[in-house]
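K.L.:
Numbering (our numbering), first residue to last: 276 to 587. Idealized CB from N, CA, C, for every residue including glycine. Below are the structure tokens for one structure; questions will follow.
In structure tokens, the structure reads:
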């Protein structure tokens, strides 16, 4: 890594770090699973272009490497990068030791999205899943364009907290719990304030400039309340979706739906950072438990997937 890159990484506090309370063992258990349809959408977009190559993918903000593990089934080589201390080692253990994949298939880099040592014009597909809110989005999008080959694919994705269906009172209480989490986060400092603002826009605040990108498509899944489905903060980022971009709405996707009880909601909430101690909203949890009365409720998770192709 160059001195310039090292300085940039050191100067910027990474988001979603262990210092903020991240627990990967809980995250894996209680966050949604990236199912086959998620990757099918990615591969179908990538494959539709003439001369599509499947040589190298880069999983940016890879965390524990769960997306990388599936990309490795389609691409000859996968770059696994994350700015946080120790995360690429967690990913290496998952991919190599637990999944039994060849270590030679991967390149593990502790680097941020905004500046990478990956060679220019060498990557066929970049994924940035559940991480763009922690970046300088404009710099990251420019860096992705530098790395990709002409005609290469960019995919950025986000899911937020699930919505409860068929029980308005339970949804109202659940919303209050998340508003408490949001207030705690956004008063912690600018890192979280900006992250929650970007998420609340459903990534619409992330510009994908038409000068460098084409065939831009944003797919909103289970967003029954429109962009408001993603709102987790009172502050919502400015809409920067270009007039040339296609917007697609997919409703009632079963792969992003489930049924869960109140204990799951508590465990799920604990996967967000900064953590909201249960006792701080004990009254709301008690009320939610009373309303649900031991039963499970149906939930749908809002998800957005934005696709773009680097211009030749």
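With a threshold of 7 Å on Cβ separation, who are the neighbours of residue 474 within its own chain once the five nearest residues in sequence on each side are excluded?
P.N.:
Indexing the chain shown from 1 puts residue 474 at position 199. Result list for residue 474: 408, 433, 435, 505 and 507, in chain order.
K.L.:
Quick one: what's got a C-beta closer than 8 Å to residue 351's C-beta in the same chain, skipping five residues either side?
P.N.:
The sequence position of residue 351 within the chain shown is 76, counting from 1. 329, 330, 331 and 380.
K.L.:
Please classify residue 282 as buried or exposed, where buried requires at least 16 neighbouring CB atoms within 10 angstroms.
P.N.:
Locating residue 282 in the chain shown gives position 7, counting from the first residue. Caution is warranted here: a pLDDT of 31 is assigned to residue 282, below 50, making its placement in the model unreliable, and the coordinate value is therefore given only provisionally. Answer is exposed; the Cβ neighbour count stays below 16.
K.L.:
In chain order, what residues of the same chain lie with their CB nearer than 8 Å to the CB of residue 574, ignoring the 5 residues before and after it?
P.N.:
On the chain shown, position 299 is the one that residue 574 refers to. Excluding positions up to five away in sequence, the list reads 437, 438, 439, 440, 532, 533, 534 and 535.
K.L.:
Would you be able to state if there are at least three C-beta pairs under 8 Å between the region 472–490 and the region 397–414?
P.N.:
Cβ pair count under 8 Å is three or more, so yes.
K.L.:
Helix, strand or coil for residue 381, going by three-state DSSP, please let me know.
P.N.:
For the purposes of this step, residue 381 is identified with residue 106 of the chain shown, where counting begins at 1. DSSP places residue 381 in strand when its eight states are reduced to three.
K.L.:
How long is the line joining the alpha carbons of residue 318 and residue 430, rounded to whole angstroms?
P.N.:
Translated into the one-based positions of the chain shown, residue 318 becomes position 43. Translated into the one-based positions of the chain shown, residue 430 becomes position 155. So the alpha carbons of these two residues sit roughly 10 Å apart.
K.L.:
With DSSP as the reference, label residue 290 as helix, strand or coil.
P.N.:
Within the chain shown, residue 290 is the residue found at index 15, counting from 1. Note: residue 290 maps to coil in three-state DSSP.
K.L.:
I need the DSSP call for residue 282, collapsed to helix, strand or coil.
P.N.:
Your numbering for residue 282 matches position 7 in the chain shown. The predicted model places residue 282 with a pLDDT of 31, which falls under 50 and marks its position as unreliable, so this point remains unresolved.
K.L.:
To which residues of the same chain is residue 377 closer than 8 Å at the C-beta, ignoring the five residues directly before and after it?
P.N.:
As a first step, residue 377 is located in the chain shown; it is residue number 102 there, counting from the start. Counting only Cβ-Cβ distances below 8 Å, and skipping sequence neighbours, we find 371.
K.L.:
Assuming residue 382 and residue 398 form a contact by the criterion Cβ under 8 Å, report the distance between their Cβ atoms to the nearest whole angstrom.
P.N.:
Working through the chain shown from its first residue, we reach residue 382 at position 107. Working through the chain shown from its first residue, we reach residue 398 at position 123. Actually they do not touch by this definition, with Cβ atoms about 11 Å apart.
K.L.:
Classify residue 556 as helix, strand or coil using the three-state DSSP reduction.
P.N.:
Your numbering for residue 556 matches position 281 in the chain shown. Note: residue 556 maps to helix in three-state DSSP.
K.L.:
Which word fits residue 386, buried or exposed, when buried means at least 16 other C-beta atoms lie within 10 angstroms of its C-beta?
P.N.:
On the chain shown, residue 386 is found 111 positions in, with the first residue counted as 1. Result: buried.
K.L.:
Look at residue 456 and residue 576 and say whether their C-beta atoms are less than 9 Å apart.
P.N.:
Your numbering for residue 456 matches position 181 in the chain shown. Your numbering for residue 576 matches position 301 in the chain shown. Not in contact: residue 456 and residue 576 (Cβ atoms no closer than 9 Å).
K.L.:
Only counting the same chain, and skipping five residues up and downstream in sequence, which positions put a Cβ closer than 8 Å to that of residue 563?
P.N.:
For the purposes of this step, residue 563 is taken as the residue at position 288 of the chain shown. Same-chain partners within the cutoff: 445, 448, 449, 452, 537 and 540.
K.L.:
If the criterion is Cβ atoms closer than 9 Å, does the pair residue 485 and residue 519 meet it?
P.N.:
Here residue 485 corresponds to residue number 210 of the chain shown, with the count starting at 1. Here residue 519 corresponds to residue number 244 of the chain shown, with the count starting at 1. Cβ distance < 9 Å, so residue 485 and residue 519 count as in contact.
K.L.:
Looking at residue 327: is its Cβ nearer than 9 Å to the Cβ of residue 333?
P.N.:
For the purposes of this step, residue 327 is taken as the residue at position 52 of the chain shown. For the purposes of this step, residue 333 is taken as the residue at position 58 of the chain shown. For residue 327 and residue 333, no; Cβs fall outside 9 Å.
K.L.:
What does the alpha-carbon distance come out to for the pair residue 527 and residue 578?
P.N.:
Against the chain shown, residue 527 aligns to sequence position 252. Against the chain shown, residue 578 aligns to sequence position 303. Cα to Cα, the separation comes out at about 11 Å.
K.L.:
Below 8 Å on the Cβ atoms is my guess for residue 338 versus residue 357; work out the distance and round it to an integer in Å.
P.N.:
Within the chain shown, the letter at position 63 stands for residue 338. Within the chain shown, the letter at position 82 stands for residue 357. Sure, about 6 Å apart at Cβ, within 8 Å.
K.L.:
In whole angstroms, what separates the C-alpha of residue 512 from that of residue 488?
P.N.:
Translated into positions along the chain shown, residue 512 becomes position 237. Translated into positions along the chain shown, residue 488 becomes position 213. Cα to Cα, residue 512 sits roughly 21 Å from residue 488.
K.L.:
Classify residue 390: buried if its beta carbon has 16 or more other beta carbons within 10 angstroms, exposed otherwise.
P.N.:
Position 115 of the chain shown holds residue 390. Burial call: buried.
K.L.:
By Cβ distance, which residues of its chain are closer than 6 Å to residue 400, with the 5 residues on each side in sequence left out?
P.N.:
Numbered from 1 along the chain shown, position 125 holds the residue referred to as residue 400. Excluding positions up to five away in sequence, the list reads 321, 332 and 428.
K.L.:
Around the C-beta of residue 340, are 16 or more other C-beta atoms found within 10 angstroms, so that it is buried, or is it exposed?
P.N.:
Here residue 340 refers to the residue found at position 65 of the chain shown. Classification of residue 340: buried, given that the 10 Å Cβ count is 16 or more.
K.L.:
What are the residues that DSSP puts in a beta bridge with residue 449?
P.N.:
Here residue 449 refers to the residue found at position 174 when the chain shown is read from its first residue. None, per the DSSP bridge assignment.
K.L.:
Which term fits residue 551, buried or exposed, when burial requires 16 or more other beta carbons within 10 angstroms of its beta carbon?
P.N.:
Taking the chain shown and counting its residues from 1, one reaches residue 551 at position 276. Buried, because 16 or more other Cβ atoms sit within 10 Å of the Cβ of residue 551.
K.L.:
When DSSP builds the beta bridges, which residues end up paired with residue 356?
P.N.:
Start at 1 with the first residue of the chain shown, and residue 356 comes out as number 81. Residue 356 is bridged to 384.
K.L.:
Once you ignore the five residues that flank residue 523 on each side, which residues in its own chain have a CB closer than 6 Å to its CB?
P.N.:
Against the chain shown, residue 523 aligns to sequence position 248. Excluding positions up to five away in sequence, the list reads 494.
K.L.:
Are the beta-carbon atoms of residue 465 and residue 585 separated by less than 9 Å?
P.N.:
Translated into the one-based positions of the chain shown, residue 465 becomes position 190. Translated into the one-based positions of the chain shown, residue 585 becomes position 310. Cβ distance not < 9 Å, so residue 465 and residue 585 don't count as in contact.
K.L.:
Could you tell me which of 311, 316, 300 and 308 sits nearest to residue 492, measuring between CA atoms?
P.N.:
As a first step, residue 492 must be located in the chain shown, where it is residue number 217. Selected option, being the one with the closest Cα: 316.
K.L.:
Which residues in the same chain as residue 310 place their Cβ atom closer than 6 Å to its Cβ, once the five residues preceding and following it in sequence are excluded?
P.N.:
Counted from its first residue, the chain shown places residue 310 at position 35. The answer, listed in chain order, is 530.
K.L.:
Please report how far the alpha carbon of residue 396 lies from the alpha carbon of residue 580, in whole angstroms.
P.N.:
In the chain shown, residue 396 corresponds to position 121, counting from 1. In the chain shown, residue 580 corresponds to position 305, counting from 1. Each residue's alpha carbon lies about 23 Å from the other.
K.L.:
Kindly identify the DSSP beta-bridge partner or partners of residue 583.
P.N.:
Along the chain shown, one-based indexing puts residue 583 at 308. 429.
K.L.:
Under 9 Å between C-beta atoms, does residue 439 make it to chain C?
P.N.:
The chain labelled as chain C is not found in the depicted structure, where only one protein chain is given.
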